[in-house]
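Going by UniProt numbering, the sequence shown opens with residue 521, and the numbers climb by one from there.
Report on the following structure.
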Amino acid sequence: RAKADGRGTYRFFETGMDARAQARRLLEMDLRAALQRDEFQVYYQPIRDVASGRVVAFEALLRWHHPQRGLIAPISFIPLAEETGLIVQLGEFVLRSACTDAATWPDDVDVAVNLSPVQFKSPHLITSVTEALTASGLDARRLELEITESVLLQNGEATLTTLHELRAMGVRISLDDFGTGYSSLSYLRSFPFDKIKIDRSFVSELATREDSMAIIRAVTGLGRSLGIITTAEGVENDVQLELLRREGCTQAQGYLFSKPRPASDVAMMLDRPRLRASA
Ligand code: C2E
Ligand code: MG
Ligand code: MG
Ligand code: MG
Numbered sequence: 521r522a523k524a525d526g527r528g529t530y531r532f533f534e535t536g537m538d539a540r541a542q543a544r545r546l547l548e549m550d551l552r553a554a555l556q557r558d559e560f561q562v563y564y565q566p567i568r569d570v571a572s573g574r575v576v577a578f579e580a581l582l583r584w585h586h587p588q589r590g591l592i593a594p595i596s597f598i599p600l601a602e603e604t605g606l607i608v609q610l611g612e613f614v615l616r617s618a619c620t621d622a623a624t625w626p627d628d629v630d631v632a633v634n635l636s637p638v639q640f641k642s643p644h645l646i647t648s649v650t651e652a653l654t655a656s657g658l659d660a661r662r663l664e665l666e667i668t669e670s671v672l673l674q675n676g677e678a679t680l681t682t683l684h685e686l687r688a689m690g691v692r693i694s695l696d697d698f699g700t701g702y703s704s705l706s707y708l709r710s711f712p713f714d715k716i717k718i719d720r721s722f723v724s725e726l727a728t729r730e731d732s733m734a735i736i737r738a739v740t741g742l743g744r745s746l747g748i749i750t751t752a753e754g755v756e757n758d759v760q761l762e763l764l765r766r767e768g769c770t771q772a773q774g775y776l777f778s779k780p781r782p783a784s785d786v787a788m789m790l791d792r793p794r795l796r797a798s799a
């Protein structure tokens, strides 16, 4: 009897695994096909200077137009793309698109691209960045690369070497989702980051939680002392923006200004009717 139960349980578990593994295999096949079929598109979200209100950069955010499932957000496919290594090709697509698009924007508007820890394990990262810059003609100083602490957590030494090499090319490096990982402060000493992006979770509770306010105050102060730009993510209302301004946060990004939108909407988001390519 016990044995039969065990078997039953095992079978049930196995079936569950099968369904999940199958869904995963399906998504993986879809992902590979999607690259071939050009189903990926880079969206852009404006980042504004808090003091002047000027748009200083756009963050490139990947979207997947799935033929059956519609628009898919990165959270639903980036983890699998990382597991399967497809993120390397996807990341190259984002880099190329972002640099090509940014080359048509005004010179004082930068572009920020997210990098996965997996891309740092690939020996081609420097080559990919160089090629994207060369092919587009974009000045390296207009490219920002965003990494999270998890990049430094694994393979720290090799990653630092790569980061220094990128920085020597003129590319700027941002620490993304600041405050959500481990021992954030030691990372600020291990590499001269150009920018700290304060995670959305702190910004969303800015007006309602004293401790979030205190954390924002501490991070913007830290940025000022270290000469590092601070960018607040996920700014959704004027109250948050005003509090950030008061704390001297350098830049803000969020739905208050715009959701991420296709490259064709950049001119509108810049509030400048014509871009250089069409001027
Ligand atoms: P992230 O780099 O921290 O990007 C910011 C995320 O916050 C974006 O989500 C953006 O749409 C969202 N966001 C911005 N403002 C607001 C706001 O006011 N309210 C709310 N609720 N959300 C806001 P998205 O586009 O879904 O991307 C999620 C994450 O996926 C990114 O977080 C990044 O870690 C990753 N990701 C996106 N594109 C790429 C890519 O090309 N390569 C890699 N490796 N990762 C990417
Ligand atoms: Mg980012
Ligand atoms: Mg972020
Ligand atoms: Mg985030």
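Heads up, the beta-carbon is just placed ideally off N, CA and C, and yes, glycines get one too.
Between residue i and ligand 2, is there a pair consisting of the residue's CB and a ligand heavy atom that are separated by less than 7 Å?
{"i": "Glu-602", "result": "no"}
{"i": "Asp-628", "result": "no"}
{"i": "Asn-634", "result": "yes"}
{"i": "Glu-579", "result": "yes"}
{"i": "Glu-669", "result": "no"}
Pick helix, strand or coil for residue i, following the three-state DSSP scheme.
{"i": "Gly-676", "result": "helix"}
{"i": "Asp-791", "result": "coil"}
{"i": "Gln-609", "result": "helix"}
{"i": "residue 495", "result": "Residue 495 lies beyond the residue range present for the chain, which begins at 521 and ends at 799; the question has no answer from this structure."}
{"i": "Gly-690", "result": "coil"}
Report buried or exposed for residue i, applying the criterion of at least 16 other Cβ atoms within 10 angstroms of its Cβ.
{"i": "Lys-779", "result": "exposed"}
{"i": "Val-649", "result": "buried"}
{"i": "Leu-635", "result": "buried"}
{"i": "Gln-565", "result": "buried"}
{"i": "Ala-539", "result": "exposed"}
{"i": "Tyr-702", "result": "exposed"}
{"i": "Gln-773", "result": "buried"}
Give me the Cα-Cα distance between residue i and residue j, rounded to the nearest whole angstrom.
{"i": "Gly-657", "j": "Arg-781", "result": "23 Å"}
{"i": "Leu-606", "j": "Arg-545", "result": "13 Å"}
{"i": "Asp-558", "j": "Met-733", "result": "43 Å"}
{"i": "Glu-753", "j": "Ala-727", "result": "15 Å"}
{"i": "Leu-680", "j": "Phe-640", "result": "10 Å"}
{"i": "Ser-745", "j": "Arg-552", "result": "46 Å"}
{"i": "Gly-741", "j": "Ala-660", "result": "28 Å"}
Is it the case that the CB of residue i approaches a heavy atom of ligand 3 more closely than 7 Å?
{"i": "Glu-753", "result": "yes"}
{"i": "Lys-641", "result": "no"}
{"i": "Asp-569", "result": "no"}
{"i": "Asp-714", "result": "no"}
Are there any heavy atoms of ligand 1 lying less than 7 Å away from the beta-carbon of residue i, as far as the coordinates show?
{"i": "Val-614", "result": "yes"}
{"i": "Leu-726", "result": "no"}
Given a cut-off of 8 Å, decide if residue j and residue i are closer than it, judged by their beta-carbon atoms.
{"i": "Ala-577", "j": "Val-629", "result": "yes"}
{"i": "Asp-621", "j": "Glu-666", "result": "no"}
{"i": "Ile-749", "j": "Lys-715", "result": "yes"}
{"i": "Arg-616", "j": "Ala-655", "result": "yes"}
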